Amino acid sequence: MEKFGGLLSVGKPWAIEDPDQVVGPNATAELIVTTVHDPPYMVVDRHADGSSSCSGYLYDLWSIMASALNIRFRMVPLLSGDFGALRNGTWSGMIGELAYGRADVAVTTLDITPSRATVVDFLDTFPVNSVTYRFYVRAGEGETLSLTGNLFKALLKPLHAHVWWTILASLLVLSLILWVIQKEGSSKGKKRLGKRESDWPSCLFLCFMTAAGQGWTTTPTSLSGRIITICCWMLGIIITAGYTANLISYLTTGGVNAPIVSLKHFSEEPEWKLSVPVVTSNERVRSAANTANKDLALN
606 MEKFGGLLSV GKPWAIEDPD QVVGPNATAE LIVTTVHDPP YMVVDRHADG
656 SSSCSGYLYD LWSIMASALN IRFRMVPLLS GDFGALRNGT WSGMIGELAY
706 GRADVAVTTL DITPSRATVV DFLDTFPVNS VTYRFYVRAG EGETLSLTGN
756 LFKALLKPLH AHVWWTILAS LLVLSLILWV IQKEGSSKGK KRLGKRESDW
806 PSCLFLCFMT AAGQGWTTTP TSLSGRIITI CCWMLGIIIT AGYTANLISY
856 LTTGGVNAPI VSLKHFSEEP EWKLSVPVVT SNERVRSAAN TANKDLALN
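Numbering-wise (the working numbering), the sequence shown opens with residue 606 and increments by one.
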């Protein structure tokens with residue numbers, strides 16, 4: 606024990622410790638952080654004296670995290686700018702710096718692959734940007750419409766082929782019934798139509814005229830003949846209403862209109878096909894056998 610004036614010293618003297626020399630649970634060792642020039646996320650500026658400085662989105666995020674966790678670090682950018690690849694059994698770039706202990710942390714935008722996951726630990730993933738996909742459709746050459754079979758075939762598209770065959774069959778049946786009625790009907794009805802208009806081709810033509818809204822040149826006076834006329838009128842009304850409605854619907858919804866505004870819009874067009882490569886790094890991780898790597902990529 607030593608006396609200093611009226612005070613008595615007990616135990617070892619106190620000392621002021623250097624914060625850089627603190628050891629124990631509160632000690633923070635300096636971390637070596639590697640990165641590459643990858644603007645705008647990580648920007649590495651080279652100076653004339655050989656030193657470098659970092660900036661960018663990821664650097665700001667890492668600085669905030671390090672300050673909150675009281676982590677001391679030193680940025681060591683790579684001059685090569687290589688993210689990391691396995692060549693002849695040796696890792697290069699940032700993956701090599703981490704794998705061989707020359708760096709502790711890599712702060713960059715890095716794809717997760719099964720081979721990289723075997724030598725380094727991916728702590729977490731977070732979105733750093735959003736990608737907008739643009740579809741460019743090649744403009745076709747201006748063409749003058751010509752009278753071809755396809756042009757006339759387009760007039761039949763509002764109704765299905767089965768419907769057109771049904772309409773034709775209905776006209777044939779109605780013309781046959783009218784022809785039988787005129788042949789076996791009363792002599793009065795025959796006189797009104799005449800002998801030339803009572804044959805089957807004339808009856809077919811008259812039924813077609815009635816369905817098309819042209820009317821009869823001579824109206825039959827028998828009840829059965831007028832019933833056939835009414836049936837032809839009703840058939841014409843059904844054809845006109847159905848054809849018009851389907852034509853309007855076809856012209857309204859038919860054809861794809863560029864530009865394509867979204868992937869959903871693209872997927873709703875049955876005539877368009879999208880080809881996507883399956884050799885990307887994310888796809889390799891998704892199909893990897895390692896469950897941990899797959900969950901990290903998917904989540």
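Even glycine gets a Cβ: it sits at the ideal position worked out from N, Cα and C. Small disclaimer: the values here were computed from a predicted structure and weren't measured.
Candidates the options, of which the one nearest residue i by Cα
{"i": "L674", "options": "S660, E635 and G689", "result": "E635"}
{"i": "Q819", "options": "T834, D654 and S657", "result": "T834"}
{"i": "M839", "options": "S775, K869 and D729", "result": "S775"}
{"i": "L781", "options": "L852, Y848 and L809", "result": "L809"}
{"i": "S735", "options": "A817, L764, Y646 and L728", "result": "Y646"}
{"i": "L779", "options": "P763, V768, F757 and A816", "result": "A816"}
{"i": "L683", "options": "I669, N693, V712 and T695", "result": "V712"}
{"i": "G686", "options": "P644, P719 and S656", "result": "P644"}
{"i": "W805", "options": "V710, I832, L777 and L828", "result": "L777"}
Beta strand (DSSP E) segment containing residue i, residue limits
{"i": "I637", "result": "L636 to T640"}
{"i": "D709", "result": "Taken as a continuous stretch (DSSP letters only), D709 belongs to no beta strand (DSSP E), as it is neither H nor E."}
{"i": "P645", "result": "Unbroken run through P645: none, as it is neither H nor E."}
{"i": "R679", "result": "F678 to P682"}
Element boundaries [alpha helix (DSSP H), containing residue i]
{"i": "D665", "result": "Y662 to A673"}
{"i": "V768", "result": "A766 to E789"}
{"i": "M814", "result": "W805 to A816"}
{"i": "R721", "result": "P719 to A722"}
{"i": "M699", "result": "G698 to A704"}
Distance between residue j and residue i (C-alpha atoms, nearest Å)
{"i": "G841", "j": "C812", "result": "10 angstroms"}
{"i": "S807", "j": "T845", "result": "23 angstroms"}
{"i": "L773", "j": "K788", "result": "22 angstroms"}
{"i": "S872", "j": "A766", "result": "28 angstroms"}
{"i": "A671", "j": "D650", "result": "21 angstroms"}
{"i": "C837", "j": "L761", "result": "20 angstroms"}
{"i": "W784", "j": "A759", "result": "34 angstroms"}
{"i": "T857", "j": "V724", "result": "58 angstroms"}
{"i": "A653", "j": "K869", "result": "51 angstroms"}
{"i": "S854", "j": "I786", "result": "40 angstroms"}
{"i": "V641", "j": "S658", "result": "11 angstroms"}
{"i": "P763", "j": "G661", "result": "59 angstroms"}
{"i": "P875", "j": "N851", "result": "19 angstroms"}
{"i": "V768", "j": "G847", "result": "10 angstroms"}
{"i": "I669", "j": "L691", "result": "32 angstroms"}
{"i": "T771", "j": "I843", "result": "12 angstroms"}
{"i": "L828", "j": "T849", "result": "32 angstroms"}
{"i": "F727", "j": "G689", "result": "14 angstroms"}
{"i": "W696", "j": "V710", "result": "16 angstroms"}
{"i": "F757", "j": "M814", "result": "21 angstroms"}
Cβ neighbour criterion (16 or more within 10 Å) applied to residue i
{"i": "G830", "result": "buried"}
{"i": "E702", "result": "buried"}
{"i": "I700", "result": "buried"}
{"i": "R721", "result": "buried"}
{"i": "G698", "result": "buried"}
{"i": "G694", "result": "exposed"}
{"i": "L715", "result": "buried"}
{"i": "T718", "result": "buried"}
{"i": "G655", "result": "exposed"}
Is the region 636-648 touching the region 661-680 in the sense that three or more CB pairs, one from each, lie closer than 8 angstroms? yes
Do the region 654-668 and the region 701-708 touch if we need at least three Cβ pairs shorter than 8 angstroms? no
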